[in-house]
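S.K.: The numbers in the sequence shown follow this note's numbering, run straight up by one, and end at 67.
Virtual Cβ for every residue (Gly too), placed ideally from N, Cα, C.
To start, I am sharing the structure in question, which I have written as C-alpha coordinates.
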Amino acid sequence: MANVEEVKVNVAATVDGAQRTIAGIQAAANELDQALARMRVTAVGSFHPAAAAAIAHLEQARTRLDEAVQLTHAAVDSANQFRSMI
(Lines of atoms letter the chains of each structure in order from A and count residues from 1; the text may use other names and numbers.)
(Lines give C-alpha, C1' and ligand atoms only; values in the text may rest on other atoms or scores of the structure.)
Protein backbone atom coordinates (compact mmCIF):
# COMPACT_ATOMS: atom_id res chain seq x y z
CA MET A 1 0.00 0.00 0.00
CA ALA A 2 1.29 3.47 -0.91
CA ASN A 3 2.15 5.96 1.78
CA VAL A 4 0.62 9.45 1.89
CA GLU A 5 3.49 11.11 0.04
CA GLU A 6 3.33 8.56 -2.77
CA VAL A 7 -0.40 9.13 -3.08
CA LYS A 8 0.12 12.89 -3.24
CA VAL A 9 2.79 12.47 -5.94
CA ASN A 10 0.51 10.22 -7.97
CA VAL A 11 -2.42 12.60 -7.65
CA ALA A 12 -0.18 15.51 -8.70
CA ALA A 13 0.95 13.53 -11.75
CA THR A 14 -2.68 12.80 -12.57
CA VAL A 15 -3.55 16.49 -12.33
CA ASP A 16 -0.60 17.46 -14.52
CA GLY A 17 -1.59 14.90 -17.14
CA ALA A 18 -5.21 16.04 -17.07
CA GLN A 19 -4.14 19.66 -17.52
CA ARG A 20 -2.02 18.71 -20.53
CA THR A 21 -5.02 16.85 -21.88
CA ILE A 22 -7.17 19.97 -21.49
CA ALA A 23 -4.63 21.94 -23.52
CA GLY A 24 -4.71 19.27 -26.23
CA ILE A 25 -8.49 19.22 -26.30
CA GLN A 26 -8.58 23.00 -26.58
CA ALA A 27 -6.14 22.85 -29.50
CA ALA A 28 -8.36 20.25 -31.19
CA ALA A 29 -11.40 22.42 -30.52
CA ASN A 30 -9.69 25.36 -32.23
CA GLU A 31 -8.97 23.17 -35.27
CA LEU A 32 -12.61 22.06 -35.33
CA ASP A 33 -13.73 25.70 -35.15
CA GLN A 34 -11.62 26.45 -38.22
CA ALA A 35 -12.95 23.40 -40.06
CA LEU A 36 -16.50 24.35 -39.16
CA ALA A 37 -15.99 27.92 -40.37
CA ARG A 38 -14.52 26.66 -43.67
CA MET A 39 -17.37 24.21 -44.15
CA ARG A 40 -19.99 26.87 -43.45
CA VAL A 41 -18.41 29.27 -45.95
CA THR A 42 -18.07 26.50 -48.52
CA ALA A 43 -21.67 25.37 -48.07
CA VAL A 44 -23.26 28.84 -48.33
CA GLY A 45 -26.16 28.57 -50.74
CA SER A 46 -25.89 24.82 -50.90
CA PHE A 47 -28.82 22.83 -49.69
CA HIS A 48 -27.12 19.49 -50.12
CA PRO A 49 -27.88 17.14 -47.23
CA ALA A 50 -24.27 15.96 -47.04
CA ALA A 51 -23.02 19.52 -46.47
CA ALA A 52 -25.62 20.06 -43.75
CA ALA A 53 -24.68 16.73 -42.18
CA ALA A 54 -20.98 17.65 -42.19
CA ILE A 55 -21.75 20.91 -40.40
CA ALA A 56 -24.00 19.17 -37.89
CA HIS A 57 -21.36 16.53 -37.14
CA LEU A 58 -18.64 19.15 -36.68
CA GLU A 59 -20.89 21.11 -34.34
CA GLN A 60 -21.62 17.98 -32.33
CA ALA A 61 -17.92 17.13 -32.13
CA ARG A 62 -17.18 20.65 -30.92
CA THR A 63 -19.87 20.39 -28.25
CA ARG A 64 -18.47 17.09 -27.04
CA LEU A 65 -14.99 18.56 -26.79
CA ASP A 66 -16.42 21.34 -24.61
CA GLU A 67 -18.02 18.67 -22.43
CA ALA A 68 -14.72 16.81 -22.20
CA VAL A 69 -12.94 19.97 -21.05
CA GLN A 70 -15.61 20.64 -18.41
CA LEU A 71 -15.45 17.07 -17.11
CA THR A 72 -11.66 17.13 -17.02
CA HIS A 73 -11.68 20.43 -15.10
CA ALA A 74 -14.09 18.85 -12.61
CA ALA A 75 -11.78 15.85 -12.27
CA VAL A 76 -8.80 18.13 -11.64
CA ASP A 77 -10.73 20.04 -8.99
CA SER A 78 -11.77 16.80 -7.26
CA ALA A 79 -8.25 15.39 -7.41
CA ASN A 80 -6.86 18.60 -5.92
CA GLN A 81 -9.45 18.44 -3.12
CA PHE A 82 -8.45 14.85 -2.43
CA ARG A 83 -4.75 15.76 -2.41
CA SER A 84 -5.32 18.64 0.00
CA MET A 85 -7.30 16.44 2.40
CA ILE A 86 -4.67 13.71 2.73
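Roughly how many angstroms separate the alpha carbons of Thr23 and Gln0, rounded to a whole number?
M.R.: Taking the straight line joining both Cα atoms gives about 35 Å.
S.K.: So, Ala16 versus Leu39, is the Cβ gap smaller than 8 Å?
M.R.: For Ala16 and Leu39, yes; Cβs fall inside 8 Å.
S.K.: Would you report the Cα separation of Thr44 and Gln51, rounded to the nearest angstrom?
M.R.: Cα-Cα distance, rounded: 11 Å.
S.K.: Could you please give the first and the last residue of the uninterrupted alpha helix (DSSP H) stretch that includes Thr27?
M.R.: Inspection of the sequence shows that residue 27 is occupied by Ser rather than by Thr. Run containing Ser27: none; DSSP gives neither H nor E here.
S.K.: Going by alpha carbons, who is nearest to Thr53 out of Arg21, Thr2, Ala18, Val(-15)?
M.R.: The residue with the shortest Cα to Cα distance from Thr53 is Thr2.
S.K.: For a test of the three-state rule: what should DSSP assign to Asn61, helix, strand or coil?
M.R.: Looking at Asn61 - three-state DSSP - the assignment turns out to be helix.
S.K.: Can Ala35 and Met20 be called in contact, C-beta distance under 8 Å?
M.R.: Yes, the pair counts as a contact, with Cβ atoms nearer than the cut-off.
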